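The structure appears below as structure tokens.
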Amino acid sequence: MAYPMYEVDWSVLPPEQNRRFNPAFNIATIKQVVNEAIERVAPVSVRMQTPTRLRDLIRQIRAARTAAEERSVVNKECAYIRSTFREEDSVWRCRNIAKLLYIHMLGYPAHFGQLECLKLIASPRFTDKRVGYLGAMLLLDERQDVHLLITNCLKNDLNSNTQFVVGLALCTLGAIASPEMARDLASEVERLIKSPNAYIKKKAALCAFRIIRRVPDLMEMFLPATRSLLTEKNHGVLITGVTLITEMCENSPDTLNHFKKIVPNLVRILKNLILAGYSPEHDVSGVSDPFLQVKILRLLRILGKNDAEASEAMNDILAQVATNTETSKNVGNTILYETVLSIMDIKSESSLRVLAINILGRFLLNNDKNIRYVALNTLLRTVHVDTSAVQRHRTTILECLKDPDVSIRRRAMELSFALINSQNIRAMMKELLLFLERSDPEFKAHCSSAMVLAAERYAPSSKWHLDTLFQVLLKAGNYLRDDTVSSTLQIVSAAPGERQAYAAMRLWSSLERSAVCADATEKQPLVQVAAWTIGEYGDMLVSEASNAISMVDDDGVDDFTRPSEEYVIDIYQKLLWSTQLSITTKEYLLLSLAKLSTRLTTKPSQDKIRVIIDTFGSHIHIELQQRGVELSQLYKQYAHLRPALLERMPPMEAGAPEHDAEPEHDKPPPEQDALLDLIIGSEPLSNGDMEHAPAPPTNNNSTTNDILDLLSGLDLSTPSVPTPTTAVSVTNNNMATPSLLLDGLFAPAQPPVQPQETVVRALERNGVLVELVAQRGGDTAALTMRARSSASTTITDFLFQAAVPRTFRLDMMSPSGTVLTPQGEITQLLKITNPSKTPLRLRIRVSYNIDGNPILEQAEVNNFPPDLFN
Amino acid sequence: MMQFMLLFSRQGKLRLQKWYVAHPDKLKKKITRELITTVLARKPKMCSFLEWKDVKVVYKRYASLYFCCAMEQEDNELLTLELIHRYVELLDKYFGSVCELDIIFNFEKAYFILDELVLGGELQETSKKNVLKAIAAQDLLQEDLNDGLIH
Numbered sequence: 011m012a013y014p015m016y017e018v019d020w021s022v023l024p025p026e027q028n029r030r031f032n033p034a035f036n037i038a039t040i041k042q043v044v045n046e047a048i049e050r051v052a053p054v055s056v057r058m059q060t061p062t063r064l065r066d067l068i069r070q071i072r073a074a075r076t077a078a079e080e081r082s083v084v085n086k087e088c089a090y091i092r093s094t095f096r097e098e099d100s101v102w103r104c105r106n107i108a109k110l111l112y113i114h115m116l117g118y119p120a121h122f123g124q125l126e127c128l129k130l131i132a133s134p135r136f137t138d139k140r141v142g143y144l145g146a147m148l149l150l151d152e153r154q155d156v157h158l159l160i161t162n163c164l165k166n167d168l169n170s171n172t173q174f175v176v177g178l179a180l181c182t183l184g185a186i187a188s189p190e191m192a193r194d195l196a197s198e199v200e201r202l203i204k205s206p207n208a209y210i211k212k213k214a215a216l217c218a219f220r221i222i223r224r225v226p227d228l229m230e231m232f233l234p235a236t237r238s239l240l241t242e243k244n245h246g247v248l249i250t251g252v253t254l255i256t257e258m259c260e261n262s263p264d265t266l267n268h269f270k271k272i273v274p275n276l277v278r279i280l281k282n283l284i285l286a287g288y289s290p291e292h293d294v295s296g297v298s299d300p301f302l303q304v305k306i307l308r309l310l311r312i313l314g315k316n317d318a319e320a321s322e323a324m325n326d327i328l329a330q331v332a333t334n335t336e337t338s339k340n341v342g343n344t345i346l347y348e349t350v351l352s353i354m355d356i357k358s359e360s361s362l363r364v365l366a367i368n369i370l371g372r373f374l375l376n377n378d379k380n381i382r383y384v385a386l387n388t389l390l391r392t393v394h395v396d397t398s399a400v401q402r403h404r405t406t407i408l409e410c411l412k413d414p415d416v417s418i419r420r421r422a423m424e425l426s427f428a429l430i431n432s433q434n435i436r437a438m439m440k441e442l443l444l445f446l447e448r449s450d451p452e453f454k455a456h457c458s459s460a461m462v463l464a465a466e467r468y469a470p471s472s473k474w475h476l477d478t479l480f481q482v483l484l485k486a487g488n489y490l491r492d493d494t495v496s497s498t499l500q501i502v503s504a505a506p507g508e509r510q511a512y513a514a515m516r517l518w519s520s521l522e523r524s525a526v527c528a529d530a531t532e533k534q535p536l537v538q539v540a541a542w543t544i545g546e547y548g549d550m551l552v553s554e555a556s557n558a559i560s561m562v563d564d565d566g567v568d569d570f571t572r573p574s575e576e577y578v579i580d581i582y583q584k585l586l587w588s589t590q591l592s593i594t595t596k597e598y599l600l601l602s603l604a605k606l607s608t609r610l611t612t613k614p615s616q617d618k619i620r621v622i623i624d625t626f627g628s629h630i631h632i633e634l635q636q637r638g639v640e641l642s643q644l645y646k647q648y649a650h651l652r653p654a655l656l657e658r659m660p661p662m663e664a665g666a667p668e669h670d671a672e673p674e675h676d677k678p679p680p681e682q683d684a685l686l687d688l689i690i691g692s693e694p695l696s697n698g699d700m701e702h703a704p705a706p707p708t709n710n711n712s713t714t715n716d717i718l719d720l721l722s723g724l725d726l727s728t729p730s731v732p733t734p735t736t737a738v739s740v741t742n743n744n745m746a747t748p749s750l751l752l753d754g755l756f757a758p759a760q761p762p763v764q765p766q767e768t769v770v771r772a773l774e775r776n777g778v779l780v781e782l783v784a785q786r787g788g789d790t791a792a793l794t795m796r797a798r799s800s801a802s803t804t805i806t807d808f809l810f811q812a813a814v815p816r817t818f819r820l821d822m823m824s825p826s827g828t829v830l831t832p833q834g835e836i837t838q839l840l841k842i843t844n845p846s847k848t849p850l851r852l853r854i855r856v857s858y859n860i861d862g863n864p865i866l867e868q869a870e871v872n873n874f875p876p877d878l879f880n
Numbered sequence: 479m480m481q482f483m484l485l486f487s488r489q490g491k492l493r494l495q496k497w498y499v500a501h502p503d504k505l506k507k508k509i510t511r512e513l514i515t516t517v518l519a520r521k522p523k524m525c526s527f528l529e530w531k532d533v534k535v536v537y538k539r540y541a542s543l544y545f546c547c548a549m550e551q552e553d554n555e556l557l558t559l560e561l562i563h564r565y566v567e568l569l570d571k572y573f574g575s576v577c578e579l580d581i582i583f584n585f586e587k588a589y590f591i592l593d594e595l596v597l598g599g600e601l602q603e604t605s606k607k608n609v610l611k612a613i614a615a616q617d618l619l620q621e622d623l624n625d626g627l628i629h
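Heads up: the protein sequence lines correspond to chains A and B, in order. Using this note's numbering, the first residue of the first sequence is number 11, and each one after it goes up by one. Using this note's numbering, the first residue of the second sequence is number 479, and each one after it goes up by one.
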């Protein structure tokens, strides 16, 4: 009997092959079998019709065990992708570009995909556009020229009927708009702002915001459409509208004024947000749309700045927000933060400001470090305006100095400095010293200079001042600013005698400890200060009288032991031999040791010092060797000068801070004269004057040295021997004054003064006569240098140089020429200003070539008429 | 305004980069590298903000991913934290308990969601519902979603 479904004439197969009903015999399984067969059997080219899926590529790449393996997978795929670019229309282009974007994110180059992205964007398919625009935003930025081609696509899509296509275009334009694209498409965007569709409206508003950022001139065209954005109910439109208006107000003051009239609208919107009930759509932890609230608060801030009327209108709402916002979650604090910023920036009433500072004070106590950071930041901005209100939170701020976060510590430090006043200086300085000790190097420099400044301004007593300075030197290590050393020295030198002894003793303790612990290399400014002080006042250090000075420490104990002379020298020796100290520090030490030879009176000490100094005469470093040799001279030929040369310096005056605190009376140590005498070879100048300490001779020394320094500075390639006491400052000075000479050649001509003339003969040698014709003036005298030759041959390359003591100012005009013919003349005008009315001394130098021989002459001119300056 | 947003793993692998300022590719790479190193070097006790070059960086770690935003000087840092949180919530809602793998394998979707939240560096929509609605609608528009033209 035949089965009903398989009648012979129904079957598709020939009767002999007719099978029974097979449930697996249907289209789906057939498809599967066929596919599997293809996978197994077909050649590669057939199988690769469908490109690798994105997720498969990602899996392959993640499975790579080495970077090389990954690279080979990536390269293979990139090669494949590139090969598909030639195809006209590809279903799979978006897949390939998606893979390319993944590869790009890994860091591989993908620029060859840029044009493909354009093809995708131009495609009508939404998937293509989505991936294409994404690719454009990732692979193109306004620096590429390809993106100009996008402009057309963008224009088309901005006019699309599908809102999401318009959205894609607006998003891309907002991300990568170049000035040209902005100009081209601004009108489209402006049209879209007026669209009734909120989705498009909000995107267009932000797109306009970006366009204005890129091309501020285009702002005008967006103004009319912007106003209506605020009347919308849709929060997206509101927030983007507020953003756009904020940008416009920041763009130009006129626009700012124009928008002041919306303040009531903004206040109303904000009020509605706060008072309205729970809105699930916009709620964040109980706060209604905090993003919008913050944006509105920021716009209010901008509108209320410097405008009393606008500020008045927002007072109430600000107070309301400040008092009613829940602070248990971050979102509430976010709004409070913005509110505080606004209150501080506008012209708010003082009660509101106090409220704001109190909010910040509460923030400082918050457990959340982010809140503390934000509070410190804001306080820093407002401390100078509301200092007294901030003082209340001083203790909390000092606590923040110990916070584990470095940014919080930095802000707490800045804030502390702003809060220092004469009442709290002691307590603050104590905390700050602790902070300085533990702080990172990047803080130390700034912190130490601020502390030094604060100490100077508010020091309650000079002893405290010195103690604090020494502590700062000790704790700041090598990170001090250059002028701290010189200003400390100046303070010590100006202190009364007993204080100087105290300073020497304190510094001795530190110096000794650093030598013993071998960490002197970390504290070189301290070593320099200690060296100078001990050098000056070493006699007080070792004398019995030092026992009378109280050296009670912070811990209440006086554990100072008076050192013996040998011990002092031993420590010096240890430090001088240390390989780690800088040359400058050793210069200080060496000089100080030389001074000690007159302060320490026992013969063994002096001999020992002599031996040490002598060894430095063969030091490998030129500066130290020079000092060693010259200081040794003070034991040999010039031994009779030593006591006088090295005697105690008078108090230094503090210079104006701008000029690196170069004290008026500061001079290179007296033996500098001997130094330079040796160099120049002229008779010792004013050595007799050294015996007497009062001001005028020291002035002379400084002036002499300056003149000598000047000219020797011109001689030598290095700047003139730098003074250890004020290493930086004096070098600066010495470098500065030679330039005066040369600057003078180009100084603008000043009006000449009274015509009364006197001729002063300056130099007469080798047939060259140099005279100075002096014309009297008030503060400024004009000297005309007149050079005449009575030689038989022409003199060439004639150069006249002059130097004046430091209290004078010299301006030199251009000479009339450099060639002196036999009966010819060269003139040059000099203007000298003498505000201190001291008698003029002029050092001149003349150089020229005669008969091929270069000649150099120098002279000093003193015989000016006393009434030269009236 | 946000200048850029980076997502990266604890090992420093970049998972997403969105730039709202125009920089040449080399500079972007350099900035990314340096910033990732700096943020990864921060200890857990430190606060979420750091000053970096002329920009304020706000970062937050969610499981194995760091979300890092660079904001301009006048921007509210605490609000940026809220913004980052909003983005994470959206991802979570979209993917259903999002994890790093979701973002790795569906990075283009992460970008699409970000583009519905932020435009040109500024927030464009404050309602979570609206953002998700827009994404869902666009996903529907995508042709042949079932077998995936892309995936």
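Ideal Cβ placement from N, Cα and C applies to all residues, glycine included. What you are looking at is a predicted structure, and each value in this text was computed from that prediction instead of being measured.
- If only complete runs of 4 or more residues are kept, the segment 510-570 of chain A shows the alpha helix (DSSP H) at 534-552, in order along the chain.
- Along the segment 505-530 of chain B, the positions whose C-beta sits under 8 Å from a C-beta of chain A are K507, K521, K523, M524, C525, S526, F527, L528, E529, read in chain order.
- Under the three-state reduction of DSSP output, A/M354 falls in the helix class.
- With a minimum length of 4 residues, the unbroken runs of alpha helix (DSSP H) contained wholly in the segment 146-215 of chain A fall at 157-168, 173-186, 189-203.
- Proximity of chain A to B/L568 at the Cβ level (cut-off 7 Å) is not reached, the minimal Cβ distance being about 13 Å.
- Within the DSSP secondary-structure output, A/T333 pairs in no beta bridge.
- A direct Cα-to-Cα measurement between A/V814 and A/T494 gives close to 30 Å.
- Closer than 8 Å to the CB of B/Y589 there is at least one CB belonging to chain A.
- Pairing A/L116 with A/I203, the inter-Cα distance amounts to about 38 Å.
- Here A/E576 has P614, S615, K618 as same chain residues with Cβ atoms under 8 Å from its own Cβ, once five neighbours each way along the sequence are excluded.
- For the pair A/T344 and B/L557, the CB atoms are nearer than the 8 Å cut-off.
- Here the segment 130-138 of chain A does not lie against the segment 576-588 of chain B, with fewer than 3 beta-carbon pairs under 8 Å apart.
- Distance from B/Y572 to B/L592 at the Cβ level is roughly 11 Å; contact not present, criterion being Cβ atoms closer than 8 Å.
- In this structure, A/C104 sits away from B/I613, with a CB-CB distance that is not shorter than 8 Å.
- Shown here, A/S100 sits in coil according to DSSP, grouped into three states, outside any helix or strand.
- The continuous alpha helix (DSSP H) containing A/E126 extends over residues 124-132.
- Apart from the 5 residues on each side of it in sequence, A/V331 sits with its Cβ closer than 6 Å to the Cβ of T349 in its chain, given in chain order.
- Between the C-alpha atoms of A/V621 and A/L610 there is a straight-line separation of about 15 Å.
- For B/K496, the pairing in a beta bridge is given by DSSP as B/M483.
- The C-beta distance from A/C259 to A/L346 rounds to 23 Å, too long to meet the 8 Å contact threshold.
- Runs of the alpha helix (DSSP H) lying entirely within the segment 219-287 of chain A and spanning at least 4 residues, in chain order: 229-237, 245-261, 263-268, 273-285.
- Within the same chain, and ignoring the five residues on either side of B/D532 in sequence, no residue has its Cβ closer than 7 Å to its Cβ.
- Boundaries of the alpha helix (DSSP H) harbouring A/C88: 77-94, taken from the DSSP string.
- Counting C-beta pairs closer than 8 Å gives three or more between the segment 528-537 of chain A and the segment 484-499 of chain A, which meets the contact rule.
- Taking a C-beta distance under 8 Å as the contact criterion, A/I272 and A/L240 qualify as a contact pair.
- Secondary structure note for A/A422: its alpha helix (DSSP H) is the uninterrupted segment 416-429.
- CA-to-CA, the gap between A/E663 and A/V778 works out to about 44 Å.
- Taking CB atoms only, A/D299 has a neighbour in chain B less than 8 Å away.
- Interface residue (Cβ-Cβ distance to chain B less than 8 Å): A/T344 is classified as such.
- Within the model, the alpha-carbon separation for A/H394 versus A/N380 is close to 23 Å.
- In the assembly as shown, A/Y288 is an exposed residue. Its beta-carbon has fewer than 16 other beta-carbons within 10 Å.
- Nearest in C-alpha terms to A/P451, of all of A/I501, A/L499, A/E532, A/A525, is A/E532.
- Residue-level contact check: B/S542 does not touch chain A, since none of the beta carbons of chain A fall below 8 Å from its beta carbon.
- Across the structure, B/G599 and A/V384 are spaced so that their CA atoms are roughly 22 Å apart.
- Exposure of A/C527 is indicated by the presence of fewer than 16 other C-beta atoms within 10 angstroms of its C-beta.
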